[in-house]
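**Q** Position 498 (the sequence shown) corresponds to 753 in the working numbering; numbering is contiguous.
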Amino acid sequence: MATTEHPPPGRLRSWMLEGLSDMGKGHPHQAAPDTEAAPEHKGQRWYRVMCLTGVDYFSTLGYQPGIAALAAGLLSPVATIVLVIVTLAGALPVYRRVAEESPHGEGSIAMLERLLSFWKGKLFVLTLLGFAATDFLITITLSAADASTHLVENPHLTSTLHDRQMVITLVLVALLGAVFLKGFLEAIGVAVALVVVYLGLNVVVVAVGLWHVVTEGHVVTDWADALTAEHGNVFAMIGVSLLVFPKLALGLSGFETGVAVMPHVQGDPDDTAENPKGRIRDTKKLLTTAALIMSVFLIATSFITTVLIPEKEFESGGQANGRALAYLSHEYLGNAFGTVYDVSTIAILWFAGASAMAGLLNLMPRYLPRYGMAPHWARAVRPMVIVFTLVAFLVTWIFDADVDAQGGAYATGVLVLMSSAAIAVTIAARRARQRGWTVGFAVVSAVLLYVTVVNVIERPDGVKIGACFIAGIILVSLLSRLARAFELRVTSVTLDSMAERFIRDMASRKIRFIANEPDQRDKAEYRDKIEQIRQDNDIPGEDFVFVEVTVVDPSEFESGLTVRGEVLHNRYRVLTLESSSISNALAALLLHTRDSTGCIPHIYFEWTEGNPFANFLRFFLFGQGEVAPVTREVLREAEPDRDRRPRVHTG
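1) Between the alpha carbons of Y302 and R744, how many angstroms are there, rounded?
2) In chain order, what residues of the same chain lie with their CB nearer than 7 Å to the CB of Y350, ignoring the 5 residues before and after it?
3) In this structure, does DSSP put L912 in helix, strand or coil?
4) For T749, which residues from the same chain have a beta carbon less than 6 Å from its beta carbon, with the 5 sequence-adjacent residues on both sides left out?
5) Taking all protein chains shown into account, decide if E797 is buried (16 or more other Cβ within 10 angstroms of its Cβ) or exposed.
6) Taking just the CA atoms, how far does V731 sit from L381?
7) Could you check the C-alpha separation between M753 and F741 for me, to the nearest Å?
8) Are the beta-carbon atoms belonging to H405 and G317 less than 8 Å from one another?
9) Taking the beta carbon of A555 as the centre, do at least 16 other beta carbons fall within 10 Å, making it buried, or is it exposed?
10) Considering only C-alpha positions, which residue in the set L616, R688, E713 is nearest to A387?
11) Assign F313 to one of three DSSP states: helix, strand, or coil.
12) Can you tell me whether P524 is buried or exposed, with buried defined as 16 or more other CB within 10 angstroms of its CB?
13) Counting only the same chain and skipping the five closest in sequence on each side, list residues whose C-beta sits under 6 Å from that of K540.
14) Using only the alpha-carbon positions, how far apart do D401 and L890 sit?
15) With DSSP as the reference, label Q574 as helix, strand or coil.
16) I think G815 touches E861, with their Cβ atoms under 8 Å apart; what is that distance to the nearest whole Å?
17) Just to confirm my understanding: we take V640, look at its own chain, exclude 5 residues before and 5 after, and list those with CB closer than 8 Å. What are they?
18) When you compare the segment 480 to 489 with the segment 574 to 587, are there three or more beta-carbon pairs, one atom per stretch, that lie closer than 8 Å?
19) List, from N- to C-terminal side, the beta strand (DSSP E) runs of 3 residues or more that fit wholly inside the segment 429 to 460.
20) For a test of the three-state rule: what should DSSP assign to D527, helix, strand or coil?
21) Could you check what DSSP says for T415 in three-state terms: helix, strand or coil?
22) Quick check: what's the CA-CA separation for V709 versus G717?
23) For I725, count neighbouring Cβ atoms within 10 angstroms of its own Cβ and tell me buried if that reaches 16, exposed if not.
24) Taking contact to mean at least 3 C-beta pairs separated by less than 8 Å, is the segment 679 to 693 in contact with the segment 637 to 653?
25) Spatial neighbours of E821 within its chain, please: CB distance less than 6 Å, with the 5 preceding and 5 following residues excluded, ordered by chain position.
26) Take the Cβ of H567 as the centre, count every other Cβ of all protein chains shown within 10 Å, and call the residue buried at 16 or more, exposed below.
27) My understanding is that T335 touches A656, with C-beta atoms under 8 Å, so please give their C-beta distance in whole angstroms.
28) In its own chain, which residues sit with a C-beta less than 6 Å from the C-beta of V882, not counting the 5 before and 5 after it?
29) With DSSP as the reference, identify every bridge partner of V748, one or two as the case may be.
30) I need the DSSP call for Q319, collapsed to helix, strand or coil.
31) Using a Cβ-Cβ cut-off of 8 Å, state whether T886 counts as contacting chain D.
32) Going by DSSP, which residues form a beta bridge with Y859?
33) What do you get for P565, buried or exposed, if any count of 16 or more other CB atoms within 10 angstroms of its CB means buried?
34) Helix, strand or coil for Q299? Go by DSSP, reduced to three states.
35) Let me check understanding here. Comparing Cα to Cα, which of T389, G608, Q299, A346 lies closest to A664?
36) Please name the residue, chosen from E813, F768, V806, that lies closest to I794 on a Cα-to-Cα basis.
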């Protein structure tokens, strides 16, 4: 709620804070001081938004066949089929349900947030946001690093760009940030072009590879004989495939960003915020189509790369290491086509960070500002783009733009979020009494938890990096909430008819409120309170209105305020309020009363007993504590003009 006149923002500030709602639609608290929220864009068709999440998902073709060959060897095609089964029978149904349960892009985090309340819920969400930040930020840095690897290893450029991978990676990250500073719609346009070209080139490479497999029939026979000699029978192959499956988990990426960018799916004209059925339907199309396209490519590419590329070329230093399909394009289609394929791969790997950036810009502003754990400008797109780009620079520098070094952190972030999504939909199905879906989702949850645990055991660096992100988010969040402790948190004030009548009646005289902590609410309580206030402040009469605030969830930061009036014991007028903080609720009521009546209201307190520091901690954590001085401080920050500030009296 605005209480004072602010000078018009400068051009740079206006540009930086333009479009506060672009990435965070669907949340009731979108406005920030000194700015006007840009009109909500109408969204894009689902297949265009699919390309935005697809630059992350489809770009894994640049390195997934090589990773599968290193992890599973000759068994790569079989292990990839296991991955596809988990994708279509597990991850896809889970995220289709997430899209249905959380249609505004919050994803499984919002579903799990509803299960917990107070500070434990906030800390749980911050932990999941830490893993989400790990997933999305490592997506940006890892993809840019892999793009620079393809660029450096191109036969025409390797001599010129040798030892320049760090610089190239930083430039690619900076260019990605520049695209989002320009505007979100431009990012979707770039993504569509990149996905269409990249998938088209991959169709050519796969078709040529399959042609060589057919015409060189011995390669399939040789592969089958070697596979049988190594693993014996089909059951042994499946068992080994399950054991190596966690190493292939990067092929599951893309689902979390698929629901994170959900607010940008156009849906139907009659969609509402409460029931965006068109958006839900089209997001399910998006997820299903992307999963089917990727499944076909994963199986085909793992097969042709395994049977056509010598095993030694997949190893570190080999020509197919991290670029198996690029190797085939150069080998069978010539260096000219191979260079075109390299350029396309570099471009989509670079822009894979776009879906991650979109996910971050959609996810973080939904939680941190609402918790009071980020400044107001954190709801705007451009400042957050700059923050995330700088963090990506730091991560790139720490890991020296090494793709392998970031793989563990990336897989950990992806798997933790997917496991949380599976658990969330299991709980949702159970609450809906859908026994079949509950059992099915529980099985998927068990599989994903197994994969997560195995991945953590094999690559503990991922958890360490995730823990750093979690610790950083919690520390910054608590410091931000501390810095905003005395900020006016009430977004709106609504009075019922009786409350309006009380204030209108007092406006003809002097408006006097008494802050009262409700106890028995009997006649003696109110009579004694009035007598105490009269003696402490040496004022006559009984023309007071009591104000009683009940603290609901003190961990919440912003909320609307509803004021109800009642007459108790046929004599005492009482206003009752519910809020996360007593002081903020009282300050908001006083300012609203001043603005609606044109009179300066007075409020009377008694001092709270106890240590001031302990009382401040009670206010910070539980919304209570030393109410009088905190109310005065909130009023001082909200209204710098002392003459217009409501009066606070304490006796």
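All C-beta atoms in this analysis are idealised placements derived from N, C-alpha and C, irrespective of residue type, glycine included.
**A** With the given structure in hand:
1) Along the sequence shown, one-based indexing puts residue 302 at 47. Along the sequence shown, one-based indexing puts residue 744 at 489. Roughly 40 Å separates the two Cα atoms.
2) If you number the sequence shown from 1, residue 350 lands on position 95. F510, G513, V514, L542, A676, listed in sequence order.
3) There is no way to answer for residue 912, as the model of the chain reaches only from 256 to 906.
4) Taking the first residue of the sequence shown as 1, we reach residue 749 at position 494. Excluding positions up to five away in sequence, the list reads T817.
5) By 1-based counting over the sequence shown, the position of residue 797 is 542. E797 is exposed by the Cβ-count criterion.
6) For the purposes of this step, residue 381 is identified with residue 126 of the sequence shown, where counting begins at 1. For the purposes of this step, residue 731 is identified with residue 476 of the sequence shown, where counting begins at 1. The alpha-carbon atoms of L381 and V731 are separated by roughly 11 Å.
7) Mapped onto the sequence shown, residue 753 falls at position 498. Mapped onto the sequence shown, residue 741 falls at position 486. One C-alpha to the other measures close to 30 Å.
8) For the purposes of this step, residue 405 is taken as the residue at position 150 of the sequence shown. For the purposes of this step, residue 317 is taken as the residue at position 62 of the sequence shown. Yes, these two residues count as a Cβ contact at 8 Å.
9) Numbered from 1 along the sequence shown, position 300 holds the residue referred to as residue 555. A555 is buried by the Cβ-count criterion.
10) The residue you call residue 387 lines up with position 132 of the sequence shown. Looking at L616, R688, E713, the one whose alpha-carbon comes closest to that of A387 is L616.
11) The count along the sequence shown starts at 1 and reaches residue 313 at position 58. Three-state DSSP puts F313 in a helix.
12) The residue labelled residue 524 in the question sits at position 269 within the sequence shown. Classification of P524: exposed, given that the 10 Å Cβ count is below 16.
13) Counting from 1 along the sequence shown, the entry for residue 540 is found at position 285. If we look at K540 and ignore the five residues flanking it on each side, its Cβ neighbours are W301.
14) Counting from 1 along the sequence shown, the entry for residue 401 is found at position 146. Counting from 1 along the sequence shown, the entry for residue 890 is found at position 635. Rounded to whole angstroms, D401 to L890 spans 53 Å at the Cα level.
15) Here residue 574 is taken as the residue at index 319 of the sequence shown, counted from 1. In the structure shown, Q574 sits in coil (DSSP, three-state: anything other than H, G, I, E or B).
16) As a working note, residue 815 is residue 560 in the sequence shown. As a working note, residue 861 is residue 606 in the sequence shown. About 28 Å; that fails the 8 Å criterion.
17) By 1-based counting over the sequence shown, the position of residue 640 is 385. Around V640: G432, F435, L436, M612, L616.
18) No: fewer than three Cβ pairs fall under 8 Å.
19) none
20) Mapped onto the sequence shown, residue 527 falls at position 272. At residue 527 the sequence reads Thr, which differs from the Asp that was named. It is coil, neither helix nor strand.
21) One-based indexing of the sequence shown puts residue 415 at position 160. Coil at T415, not helix or strand.
22) To locate residue 709, count along the sequence shown from 1; it is residue 454. To locate residue 717, count along the sequence shown from 1; it is residue 462. Distance between the alpha carbons of V709 and G717 is about 12 Å.
23) Position 470 of the sequence shown, counted from the start, is the residue given in the question as residue 725. So I725 counts as buried.
24) Touching, no.
25) The sequence position of residue 821 within the sequence shown is 566, counting from 1. So the qualifying residues of the chain are V829.
26) Taking the first residue of the sequence shown as position 1, residue 567 is located at position 312. Note on residue identity: the sequence assigns Lys, not His, to residue 567. Here K567 is exposed. Its C-beta has fewer than 16 other C-beta atoms within 10 Å.
27) Counted from its first residue, the sequence shown places residue 335 at position 80. Counted from its first residue, the sequence shown places residue 656 at position 401. T335 to A656, Cβ: 28 Å. No contact.
28) For the purposes of this step, residue 882 is taken as residue 627 along the sequence shown, with counting starting at 1. Cβ within range, chain order: I837, S838.
29) Taking the sequence shown and counting its residues from 1, one reaches residue 748 at position 493. Its beta-bridge partners are L816.
30) For the purposes of this step, residue 319 is identified with residue 64 of the sequence shown, where counting begins at 1. Note: Q319 maps to helix in three-state DSSP.
31) Here there is only one protein chain, and chain D is not present.
32) Locating residue 859 in the sequence shown gives position 604, counting from the first residue. Answer is I769, H904, bridged to Y859.
33) In the sequence shown, the residue the question calls residue 565 occupies position 310. Around the beta carbon of P565, fewer than 16 other beta carbons lie within 10 angstroms, which makes this residue exposed.
34) As a working note, residue 299 is residue 44 in the sequence shown. Q299 falls in the strand class under three-state DSSP.
35) Numbered from 1 along the sequence shown, position 409 holds the residue referred to as residue 664. The shortest Cα separation from A664 among T389, G608, Q299, A346 belongs to T389.
36) As a position in the sequence shown, residue 794 is number 539, starting the count at 1. Per the Cα distances, F768.
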